[in-house]
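For the sequence shown, the working numbering assigns the number 24 to the initial residue and increments by one for each residue that follows. We treat Cβ as the ideally placed atom computed from N, Cα and C, and that holds for glycine. Contents: one structure, followed by commentary.
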Amino acid sequence: MTIQKDKVVTMHYHLTNSDDGQVLDSSRGNQPLTYLHGTGSLIPGLERELAGLDVGATKTVQVGAADAYGEYDDEMVQTLPRSEFAGIDHLEVGMRLQAQDQNGKRLRCILRKLKVIK
């Protein structure tokens, strides 16, 4: 079977920083990642690289920022109150979150800083 649109894919992954080799995330020792291919649930560059692979294949890929979460843009940084994270019990720096803008476009976000206000 080949990875293609609307196929359920289960895989293990190991994500490293290409600059220094630091491990950023990994499924090793945990449950594999399962997703529906072609629906935008993975970063676009990775989804493109996985398309067409056969069951059991292994592949090393390098995905640039433009094909992942996008280039860093100071204008996209927002400060939000805790109430915007209803339903999330525990927040920590580095968490990856999904949100929607006012037009319903899905946004991928990274929590960069937490500030306690008393």
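With 16 as the cutoff for other CB atoms within 10 Å, does residue i come out buried or exposed?
{"i": "Val32", "result": "buried"}
{"i": "Glu70", "result": "buried"}
{"i": "Ile26", "result": "buried"}
{"i": "Leu65", "result": "buried"}
{"i": "Leu73", "result": "buried"}
Considering residue i, what are the terminal residues of the alpha helix (DSSP H) in which it resides?
{"i": "Leu130", "result": "That residue, Leu130, is in no alpha helix (DSSP H); its beta strand (DSSP E) goes Arg129 to Ile133."}
{"i": "Leu69", "result": "Pro67 to Leu73"}
State the CB to CB distance for the pair residue i and residue j, rounded to an integer number of angstroms; the pair is presumed to be in contact (CB under 8 Å).
{"i": "Gly68", "j": "Asp48", "result": "Contact doesn't hold; Cβ gap of about 15 Å is too wide."}
{"i": "Leu137", "j": "Leu114", "result": "6 Å"}
Leaving out five residues on either side along the sequence, give the residues of the same chain with a beta carbon under 6 Å from the beta carbon of residue i.
{"i": "Val46", "result": "Thr39"}
On the three-state DSSP scale, how would you describe residue i?
{"i": "Ser41", "result": "coil"}
{"i": "Arg119", "result": "strand"}
{"i": "Met99", "result": "helix"}
{"i": "Ser106", "result": "helix"}
{"i": "Asp90", "result": "helix"}
{"i": "Leu56", "result": "strand"}
{"i": "Leu47", "result": "strand"}
{"i": "Thr62", "result": "coil"}
{"i": "Val78", "result": "coil"}
Is it the case that the CB of residue i approaches a heavy atom of the ligand MN more closely than 6 Å?
{"i": "Gly63", "result": "The model on display carries no ligand, and the ligand MN is accordingly not part of it."}
Please check if any C-beta of chain D sits within less than 7 Å of the C-beta of residue i.
{"i": "Thr57", "result": "This model lacks chain D altogether; it includes just one protein chain."}
Once you ignore the five residues that flank residue i on each side, which residues in its own chain have a CB closer than 8 Å to its CB?
{"i": "Gly63", "result": "Glu70 and Arg129"}
Near residue i, what residues of its chain come up, given a Cβ to Cβ distance below 7 Å and the 5 sequence neighbours on each side ignored?
{"i": "Arg131", "result": "Tyr92, Arg119 and Gln121"}
{"i": "Val78", "result": "Met24"}
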